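Asker: Going left to right, the sequence shown walks through residues 446 to 634 as this note's numbering numbers them. Yeah, the Cβ is synthetic: ideal placement off N, Cα and C, and Gly gets one too. Note that the structure is a prediction, hence the values are computed from the model and not measured. Sharing a structure below in structure tokens format, with a few things to ask.
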Amino acid sequence: MKEAWDFYISIFTHENVAVKIGAYGATLATLSFLITFIFKPIYKRIERNVGKLKVKHSINQQLIQTYGIYQDMSAGDPLFTVIVTNTGSVPKHIRNINIKTSKKINGDNQFSTPNVNGAFPVKLEPGQQFKHDFSIGALTRDVFNYLRPNDKVQFLVYDTSDKKYNSKKVNVKQLTMQLGVAHNFNTGK
446 MKEAWDFYIS
456 IFTHENVAVK
466 IGAYGATLAT
476 LSFLITFIFK
486 PIYKRIERNV
496 GKLKVKHSIN
506 QQLIQTYGIY
516 QDMSAGDPLF
526 TVIVTNTGSV
536 PKHIRNINIK
546 TSKKINGDNQ
556 FSTPNVNGAF
566 PVKLEPGQQF
576 KHDFSIGALT
586 RDVFNYLRPN
596 DKVQFLVYDT
606 SDKKYNSKKV
616 NVKQLTMQLG
626 VAHNFNTGK
């Protein structure tokens with residue numbers, strides 16, 4: 446093996462320039478082959494088997510229709526919804542969901558969701574989604590009132606192996622203005 450390595454190294458110091466260029470070309474071609482066809486597929490396979498969670502958010506208005514003598518439609522409290530999707534090929538367990546703020550409130554910038562009726566941990570099979578709604582009215586009262594309109598919030602999702610996944614950030618103003626939309630709908634403005 447040592448002789449082969451010594452021969453390989455000697456090619457790079459050969460007096461003929463064409464041999465040197467050929468040695469560099471062969472080395473680059475071999476490295477490209479190894480990376481493309483050996484290392485990259487192995488990495489992708491490992492990554493698929495480890496599992497990933499994709500975290501998104503949505504903002505929804507609730508329309509409530511009442512029946513009876515007076516049929517009416519009104520807007521309920523708007524919702525800030527987290528959508529967690531298992532994009533891996535193995536089951537994952539969600540341990541908890543936090544809301545992270547860009548500014549600290551009383552020394553904290555992460556707020557946990559209550560574990561209502563033992564909802565967590567939640568098992569997600571590959572391709573399965575989990576949605577959880579948060580009342581924008583309650584979030585405004587408890588969290589958003591302490592932030593500026595341009596401050597940002599996002600969802601942080603932790604799995605049972607303590608790996609953290611996050612959603613994109615959204616401005617507080619974008620969320621709190623949904624309360625005005627619901628109010629205007631209900632008052633007919």
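Buried or exposed: V598, going by 16 or more other Cβ atoms within 10 Å of its Cβ?
Answerer: Classification for V598: buried.
Asker: Measure the CB-CB distance between V495 and V529 and report whether it falls below 7 Å.
Answerer: Not a contact, by the Cβ cut-off of 7 Å.
Asker: Which one or two residues does DSSP pair with T546 in a beta bridge?
Answerer: According to DSSP, T546 bridges with V598.
Asker: Going by DSSP, which residues form a beta bridge with L479?
Answerer: DSSP output for L479 lists no bridge partner at all.
Asker: Tell me the DSSP secondary structure of F452 in three-state form.
Answerer: DSSP places F452 in helix when its eight states are reduced to three.
Asker: In angstroms, rounded to a whole number, what distance separates the CA positions of S503 and I544?
Answerer: Going by the C-alpha atoms only, they are around 14 Å apart.
Asker: Relative to the C-alpha of L524, which residue among I483, I581, L476 is closest?
Answerer: Of the candidates I483, I581, L476, the one whose C-alpha sits nearest the C-alpha of L524 is I581.
Asker: Less than 6 Å between C-beta atoms, sequence neighbours within five positions excluded: which residues of the same chain meet that for K497?
Answerer: Cβ neighbours of K497 beyond the five flanking positions: T532, G533.
Asker: Could you check how far apart the C-beta atoms of V588 and I550 are, in whole angstroms? I think they sit under 8 Å.
Answerer: Their Cβ separation, rounded to whole angstroms, is 7 Å, which keeps V588 and I550 in contact under 8 Å.
Asker: Note down the Cα distance separating L508 from G633, rounded to an integer number of angstroms.
Answerer: When rounded, the distance between both Cα atoms is 14 Å.
Asker: So, under 8 Å CB-CB, T558 and L592 are touching, yes? Tell me the CB distance rounded to an integer number of Å.
Answerer: No, T558 and L592 are not in contact; Cβ-Cβ is about 18 Å, not under 8 Å.
Asker: Pull up the distance between the alpha-carbon of V626 and that of P486, whole angstroms please.
Answerer: Approximately 49 Å between the Cα atoms of the pair.
Asker: On the DSSP letters alone, give me the boundaries of the beta strand (DSSP E) that H459 sits inside.
Answerer: First-last for H459: undefined, no H or E at that position.
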